[in-house]
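The numbering of the sequence shown is this note's numbering, which starts it at 216 and goes up by one.
Glycine included, C-beta positions come from ideal geometry on N, C-alpha and C.
All values derive from a computational prediction rather than experimental measurement.
Following: one structure in structure tokens, then a few remarks.
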Amino acid sequence: MSAAGAAPAATSTTIHASFQPQRLGARTALTLAIRLAGGAGETPAPVRRIALHLPAGLGIGLHGSSNCPLARLRSRGAAGCPRASLVGRGHAQLEVHAGSQTIPEQAILSAFLIPSSSGSAALAILGVGNTPLRESTISTAILHGDSAPYGSQLAISIPAIPTLVYEPDASFDSLTLRIGGSDTPSAKILVPRRCRTGGFAFAADVTFVDGSSGHAATAVRCR
């Protein structure tokens, strides 16, 4: 289930969360999906930051993972990182401006554990798009504590994504990230053993380049 919030500049923000499998105390995969839509057919402004709020009691185990140095990821791409550093996969759809037209761009996302000097887990999210532009970007994220009803927050910083000469940076329509599961065995997500009233709370705060922001919240019901 999901709920949408409105930002200035008439941008709507929606978040959806799911566990697979979904049962109390299960070792599972967590999928988070964010969708953005501009008002009156407009393209959303480019995103600069996303704060993902995760429910209290959610277990995030990365102890079996290894680190991928950020410099190696930048120079060699995903092939330069140890298999055990891969903790998440996903995809994104962006809009690329070309004169009076906007063209959809599909990107594949891969999240890697990177070294951190702060004591908090740090991730690098590699995005690779092929059509209409062949473009790679790296976003960085820090996992740290959060206030109730949430237990932790994944704060993602997204760089500018250049497109064509004299055209604006690319804008996100949607972003989906899956952490844990059989294809990323180094990341372990544990559903809390007890259910809070209203289910497990998730939220997203999105900051756009024009200074506007969007908020959305959702809850996963207990089973």
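query: From Ser290 to Thr355, what does the alpha carbon distance come to, in whole angstroms?; result: 16 Å
query: Give me whichever residues DSSP pairs with Arg242 in a beta bridge.; result: Leu405
query: Rounded to the nearest angstrom, how far is the Cβ of Arg408 from that of Gly240, given a contact under 8 Å?; result: 4 Å
query: For the beta strand (DSSP E) that Arg369 lies in, which residues bound it at each end?; result: In the sequence as displayed, the identity of residue 369 is Leu instead of Arg. Note, Leu369: beta strand (DSSP E), Tyr365 to Ser372.
query: Report yes if the CB atom of Thr391 is closer than 8 Å to the CB atom of Thr246, and no otherwise.; result: yes
query: Since His278 and Thr378 are thought to touch, with beta carbons under 8 Å apart, how far apart are those beta carbons, to the nearest angstrom?; result: Contact doesn't hold; Cβ gap of about 40 Å is too wide.
query: For Gly414, which beta-bridge partners are listed by DSSP?; result: Answer is none; Gly414 lacks a bridge partner.
query: Taking 8 Å as the threshold, find out whether the stretch 345-361 comes into contact with the stretch 373-387 through three or more Cβ pairs.; result: yes
query: Please state whether DSSP places Gly292 in a helix, a strand or coil.; result: helix
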